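Novice:
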Amino acid sequence: MAMEFREDQVRRYARHILLPQVGGAGQDRLLRSRVLIVGTGGLGSPVALYLAAAGVGHLALVDDDAVDMSNLQRQVLFDTPSVGAAKTAVAAGRLKALNPDVTVDAHTVRLDAGTARQLVPGNDVVVDCTDNFETRYALNAACVNANRPMVTAALMRFDGQVTTVVPGQGPCYRCLFPEPPDPGTVPSCAEAGVFGALAGLLGSMQAMEVLKLLLGIGDPLMGRLMLVDALGMSLQSVAVARDPDCIDCGRPRAQGVGKTYA
Numbered sequence: 001m002a003m004e005f006r007e008d009q010v011r012r013y014a015r016h017i018l019l020p021q022v023g024g025a026g027q028d029r030l031l032r033s034r035v036l037i038v039g040t041g042g043l044g045s046p047v048a049l050y051l052a053a054a055g056v057g058h059l060a061l062v063d064d065d066a067v068d069m070s071n072l073q074r075q076v077l078f079d080t081p082s083v084g085a086a087k088t089a090v091a092a093g094r095l096k097a098l099n100p101d102v103t104v105d106a107h108t109v110r111l112d113a114g115t116a117r118q119l120v121p122g123n124d125v126v127v128d129c130t131d132n133f134e135t136r137y138a139l140n141a142a143c144v145n146a147n148r149p150m151v152t153a154a155l156m157r158f159d160g161q162v163t164t165v166v167p168g169q170g171p172c173y174r175c176l177f178p179e180p181p182d183p184g185t186v187p188s189c190a191e192a193g194v195f196g197a198l199a200g201l202l203g204s205m206q207a208m209e210v211l212k213l214l215l216g217i218g219d220p221l222m223g224r225l226m227l228v229d230a231l232g233m234s235l236q237s238v239a240v241a242r243d244p245d246c247i248d249c250g251r252p253r254a255q256g257v258g259k260t261y262a
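In structure tokens form, the structure reads like this:
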């Protein structure tokens, strides 16, 4: 049964409700949705802010890190007084201040295969905002096993990429990247640098993908890897195929499952 909006909610979400693709029913759906955001840094900050602003009713944040001064160049959830505090605690307070409609669960832990299996099934969509392959592979496997879509992004210097994984309907993350690169071949952002505004651009794209999935609108990036060149301000969509021998999604139990998204 659809909820009745309070007067303040009608004002808050008016620009959404005016959209035929959203309307009152879509906004109600967002308020009832649950999203897991893994990583609250450069990508996770805009993702969390835009999903909270949109009225996604339940956000679960996972991050074991504390705010560092070097984060403030791109991690817009945080400010100077929050340096040294747990990222999840600061983020939860900021998001609640932005939108009291949103329930925020803060998990100050490092995501591994075990925590991924525990946290993923209770959410409608998962957002990978991490910065290492080990965590991405653990999250990907948990999403495939729990039949939950995952929106993933990565960036370095002035370049980035975004894709959406929907189990049973397209390639998973491991289909795209079967093996992690050899140690030392891919520098970290701390070593190579990253342009702060690029994190905002890619995180906003991830938030858009999440909202499209929750609302069942548009054409999510299933089977497509969006490559972003910020210096040239160009976008290139590359078609990617599912690997039938993928160790995460190629098993028989993963075939033909998954909700159909528009």
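Be aware that the sequence shown starts at 1, since it is given in the working numbering, and climbs by one per residue.
Cβ coordinates follow ideal geometry from the N, Cα and C atoms, glycine included.
The structure presented is a predicted model; accordingly, all values stated were derived computationally and were not measured.
By a C-beta neighbour count over all protein chains shown, 10 Å radius and 16 as the cutoff for buried, is Ala239 buried or exposed?
Specialist: So Ala239 ends up on the exposed side.
Novice: Does DSSP classify Gly93 as helix, strand or coil?
Specialist: The answer is helix: DSSP assigns Gly93 an H, G or I state.
Novice: Can you list, in chain order, the residues of its chain whose CB lies under 6 Å from that of Val151, leaving out five sequence neighbours each side?
Specialist: Here the set comprises Val127, Thr164, Gln206, Glu209, Val210.
Novice: Indicate whether Pro180 and Phe133 have their beta-carbon atoms separated by less than 9 Å.
Specialist: Cβ distance < 9 Å, so Pro180 and Phe133 count as in contact.
Novice: Please specify which runs of the alpha helix (DSSP H), each continuous and at least 4 residues long, are wholly inside the stretch 158–225, giving them in chain order.
Specialist: Whole alpha helix (DSSP H) segments, 4+ residues: 173–176, 189–192, 196–215.
Novice: Please report how far the alpha carbon of Leu77 lies from the alpha carbon of Cys175, in whole angstroms.
Specialist: Distance between the alpha carbons of Leu77 and Cys175: 32 Å.
Novice: Pull up the DSSP beta-bridge partners for Asp229, would you.
Specialist: Asp229 pairs with Asp159, Ser234.
Novice: Which same chain residues, not among the five before or five after Gly44, have their C-beta less than 6 Å away from its C-beta?
Specialist: Around Gly44: Ile37, Cys129.
Novice: Can you name, in chain order, every residue of its own chain whose Cβ lies under 7 Å from the Cβ of Asn123, other than the five neighbours on each side?
Specialist: Cβ within range, chain order: Arg34, Val35, Leu36, Ala60, Arg148.
Novice: Would you kindly work out how many angstroms separate the C-alpha atoms of Gly258 and Pro81, rounded to a whole number?
Specialist: A caution first: Gly258 carries a pLDDT of 36, below 50, which makes its placement in the model unreliable, though a value can still be read off. Answer to the nearest angstrom: the Cα atoms are 44 Å apart.
Novice: Locate the beta strand (DSSP E) running through Ile37, then write down its first and last residues.
Specialist: From DSSP, the beta strand (DSSP E) with Ile37 extends over 34–38.
Novice: Ignore the nearest five residues each way along the sequence and tell me which others in Arg11's own chain have a CB closer than 7 Å to its CB.
Specialist: So no residue of the chain qualifies.
Novice: Going by C-alpha distance, which of Ala146, Val109, Phe158 is nearest Thr135?
Specialist: If we check each option's Cα against that of Thr135, Val109 comes out closest.
Novice: What's the C-alpha gap between Gly196 and Met156?
Specialist: Each residue's Cα considered, the two are about 10 Å apart.
Novice: Output yes or no for whether 9 Å exceeds the beta carbon distance between Val56 and Leu119.
Specialist: Not a contact, by the Cβ cut-off of 9 Å.
Novice: What ranges does the beta strand (DSSP E) occupy inside the stretch 61–117, keeping only unbroken runs of at least 3 residues that lie completely in it?
Specialist: The stretch 61–117 contains these whole beta strand (DSSP E) runs: 103–107.
Novice: Considering only DSSP beta bridges, list what His58 is partnered with.
Specialist: His58 is bridged to Arg34, Thr103.
Novice: Where does Ala241 fall in DSSP's three states?
Specialist: In this structure, Ala241 counts as coil in the three-state DSSP scheme.
Novice: Can you give the Cα-Cα distance for Arg15 and Pro46, rounded to whole angstroms?
Specialist: Those two C-alpha atoms are separated by around 19 Å.
Novice: With DSSP run on the structure shown, which of helix, strand or coil describes Asp128?
Specialist: Asp128 falls in the strand class under three-state DSSP.
Novice: How close, in whole Å, do the beta carbons of Val83 and Asp68 come, if the pair is a contact with beta carbons under 8 Å?
Specialist: That belief holds up - the Cβ atoms of Val83 and Asp68 are roughly 7 Å apart, short of 8 Å.
Novice: Is the beta carbon of Ala113 less than 9 Å from the beta carbon of Ala92?
Specialist: No, these two residues do not count as a Cβ contact at 9 Å.
Novice: My understanding is that Cys249 touches Pro167, with C-beta atoms under 8 Å, so please give their C-beta distance in whole angstroms.
Specialist: At roughly 6 Å, the Cβ-Cβ gap stays under 8 Å, so Cys249 and Pro167 are in contact.
Novice: Under 9 Å between the Cβ atoms of Gly193 and Asp131?
Specialist: It is not a contact, given that the beta carbons lie outside the stated cut-off.
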